[in-house]
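Report on the structure given below.
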Amino acid sequence: METIRLTAAQAMVRWLAAQMTEEGERFVEGIWAIFGHGNVAGLGAALHEARDTFPTWRGQNEQTMAHAAIAFAKGHARRRAMAVTSSIGPGATNMVTAAALAHVNRLPLLLIPGDVFAGRRPDPVLQQIEDFGDGTVSANDCFRPVVRYFDRITRPEQLLSALPRALAVMTDPADCGPVCLSFCQDVQAEGFDWPCDFFAPRVWRIRRPEPDMAELAEVAALIRAAQAPVIVAGGGVIYSGAEAALAEFAARHAIPVIETQAGKSALAQAHPMNLGAAGVDGSAAANAAAAAADLVLGIGTRFQDFTTGSWSLFANPARRLVSVNVQAQDALKHGAVPLVADARVALERLSAQMGGYRGTVDAAARAAWLAAVDAHCAAPDPDGPLPSDAQVIGAVQRATGPEAIAMGAAGTMPGALKLLWQASQGGYHMEYGFSCMGYEIAGAIGLKLAHPEREVICFTGDGSYMMANSELATAVMRRVPFTVVLTDNRGYGCINRLQQACGGAAFNNLYTECAVEAQPEIDYVAHAASLGAHAVRAVTIADLEAEVTAARGRDIPTVIVIETRATEGPGFGAAGHWWDVAVPEVSHRPEIAAAYDRYLAQAARVRRAN
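Take 1 as the starting number for the sequence shown in UniProt numbering and just add one per residue.
Right, dumping it as structure tokens:
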């Protein structure tokens, strides 16, 4: 057997560079790296040698580098990914939040944190966590509950099995998620005689599991017997590439479609069967259809509490729940009748068994909803109060074309955008499984790298911007252009509204309600400009539209700051939803006591309905 002598780090990089997609691209496009103790000498040297065949990019923070990698994978519908490497200590633990984000959203991410010496000779090394009851523990054990596959590389030859296992998880349609290969720093530098055929190019194909015929027949019969079915389209539709199949299925069988955060834009808003967002942040048309449905057909959804209104939404006592999902545990949630299969294959097989079946869709409700959206998002009086978030969204929608992608993560904008953004197919990218503040700007980088041909609009509030903005400098250095719409309501406006809705006093969210000696006067325009972005302030909605249009000609990020009202949420016109947020049973505040009574009444209603 022919061999080649390489360090373990050199072998890892060479192997990763040879793993291909069916389209002939690297599955792992490259690696984000901040070098430090534990990865600079071994892996850093190997990456330098391979810089022409396996690119390395430098970011500003390990967590946000991983966010960029996650957004890249989401933008490619899990068909491509990126890696991230860090030092052994705080650099590694910085990535734990991102690992959890990728895990919740079922997205491929390869994390390669440095680790302590496998040989233990110099222990305790710099940044080493010492567990006095377990000598095998390092800081990287924090990754175990938030990744799909964890391995600690303590010998070079372990890579012969660990690397294929890692890629098998990252390309598995049911168990896809983040992987952590904790790479002991002395092992990175250790030489080994590797089989040459280990580095032969390999194509990774994502399987499309066929449905069980008995499950298929049962689900088809349930749909044919339904009088008022509704489809809940989740992220699995996009990950499967089932957008066209969903559009055809819904139109052919006249079954209305309502959307989750992850599934929004699987079906263009212009499609006549699309009734918009479901649940807590849902449209009146979608929630009315859900409440009346006698069969709820989930496709690629986890039925998360925002989608179901904490199960207050699907209130028809005759309702049956069917779940099409590639992951068996997801398909069985909440007592659903399961159809375990790839979403695209399942839709095609179901349609073939349903013959000429047609449900019903309330076209008038859809039209009324879209008219209400237009009115709510219309430009305000320029001499009136500060604009609402809805008016900001309307301005951006008017200033962009159908190829624009709206993206964001946490705070007010996810609910507002899910409710109001009129997405084309693929025109929406929201991280809401983990609802991670600080994802937005780094995520915009990854999304733009995945779709360089499309306009990317990053919506973020001032709270999220303050948490993680440094990757703006990375985008400037790499010439990755996108537009940031920064809505400034002087604090955490979304949580302030939730706090008061639960009977609480306004406290510690808006700056005016915080224990500070002086109110902050943060110049976001100057700050973004100092990082190299083109930064401007929009005083009016007309200014915002003009600045969004002007941003398209730049090769660097544009940051547009606009002040908005903190007190107004996006939830107009929604019906039939609830969100189960526990209210204190004991309180001296009469507002909380009243909120608790409302909570008990709503919880009882949900128990009766389910």
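We put the beta carbon where it would ideally sit given N, CA and C, even for glycine.
Predicted model only: the values in this text are computed from it and were never measured.
Span of the alpha helix (DSSP H), counted from its first residue to its last, around residue i
i      : result
Cys494 : Gly493 to Ala501
Leu159 : Leu159 to Met170
Phe72  : Glu62 to Gly75
Pro90  : Pro90 to Asn94
His376 : Ala363 to His376
Phe306 : Asp305 to Thr308
Glu563 : Counting along the chain, Glu563 falls outside any alpha helix (DSSP H), though it belongs to the beta strand (DSSP E) covering Thr558 to Glu563.
Gly446 : Tyr439 to Ala450
Asn287 : Ala284 to Ala292
Ala331 : Ala328 to Ala331
Leu47  : Gly42 to Glu49
Cβ-based neighbour list, residue i, same chain, cut-off 7 Å, excluding 5 preceding and 5 following
i      : result
Arg398 : Glu545
Thr7   : Gly42, Ala46, Gln188, Ala189, Glu190 and Gly191
Ala318 : Asp294
Phe303 : Lys333 and His334
Ala286 : Ile258, Leu275, Gly276, Ala277 and Ala278
Where residue i sits in the DSSP three-state scheme
i           : result
His253      : helix
Leu510      : strand
Trp578      : coil
Pro229      : strand
Ser470      : coil
Gly504      : coil
His588      : coil
Gly135      : coil
Gly461      : strand
residue 682 : The chain is shown from 1 up to 610; residue 682 falls before or after that span and cannot be answered.
Phe434      : coil
Phe150      : strand
Leu420      : helix
Arg537      : strand
Glu29       : strand
Pro195      : strand
Thr412      : helix
Ile129      : coil
Same chain only: Cβ atoms within 6 Å of residue i, ignoring 5 sequence neighbours per side
i      : result
Ala73  : Ala81, Leu107 and Pro108
Asn610 : Trp311
Met413 : Phe459
Tyr492 : Gly463 and Asn509
Bridge partner(s) assigned by DSSP for residue i
i      : result
Glu218 : BP columns for Glu218 are empty, so no partner.
Gly298 : Val232 and Ser323
His429 : Met407
Gly114 : Phe183
Gln19  : Arg202
Ala515 : DSSP, once it has assigned bridges, lists no residue as partnering Ala515.
Ser86  : Pro113
Gly553 : Paired residue(s): none; Gly553 is not in a bridge.
Val456 : Ile405
Asn610 : DSSP lists no partner for Asn610.
Glu259 : Ala233 and Ala277
Trp57  : Trp32
Distance cut-off 7 Å: residue i Cβ against heavy atoms of the ligand SAH
i     : result
Val13 : Looking at this structure, you won't find the ligand SAH or any other ligand, since it has none at all.
Residues near residue i by beta carbon distance below 8 Å, same chain, minus five either side
i      : result
Val203 : Met20, Thr21 and Glu22
Gly162 : Just to set this straight, residue 162 is Ala in the shown sequence, not Gly. Contacts found: Asp151, Ile153 and Leu181.
Met437 : Ala409, Ala410, Gly411, Gly463, Ser464, Met467 and Ala468
Tyr596 : Gly503, Val583, Pro584, Glu585 and Ser587
Ala220 : Leu350, Gln353 and Met354
Ala368 : Ala284 and Ala285
Opening and closing residue of the beta strand (DSSP E) in which residue i lies
i      : result
Ile4   : Thr3 to Thr7
Gly408 : Ile405 to Gly408
Val525 : Careful: Val525 lies outside any beta strand (DSSP E), inside the alpha helix (DSSP H) at Tyr524 to Ser530.
Asn489 : First-last for Asn489: undefined, no H or E at that position.
Leu544 : No beta strand (DSSP E) holds Leu544; the alpha helix (DSSP H) holding it covers Ile541 to Ala550.
Val396 : Not the beta strand (DSSP E): Val396 falls in the alpha helix (DSSP H), residues Asp389 to Ala399.
Reference residue i, options the options, closest by Cα
i      : options                           : result
Phe143 : Asp172, Thr171, Met95 and Pro164  : Met95
Leu267 : Gly241, Ser283 and Ala291         : Gly241
Val169 : Glu157, Asp186, Val147 and Leu160 : Val147
Thr512 : Phe482, Asp523, Thr567 and Thr540 : Thr567
Gln425 : Glu259, Gly279 and Ile393         : Glu259
Asn489 : Gly411, Ala71, Ala331 and Arg598  : Gly411
Ala336 : Glu403, Leu297, Arg78 and Ile255  : Leu297
Ala535 : Ala593, Pro124 and Ala473         : Ala473
Glu62  : His48, Gly89, Leu531 and Ala343   : Gly89
Gln185 : Asp123, Trp421, Arg589 and Pro380 : Asp123
Ala442 : Ala416, Gln422, Lys418 and Thr483 : Thr483
His271 : Val28, Gln227, Gly493 and Ala254  : Ala254
Gly30  : Leu111, Ile495 and Cys494         : Leu111
Ala118 : Asn105, Thr85, Arg58 and Phe183   : Phe183
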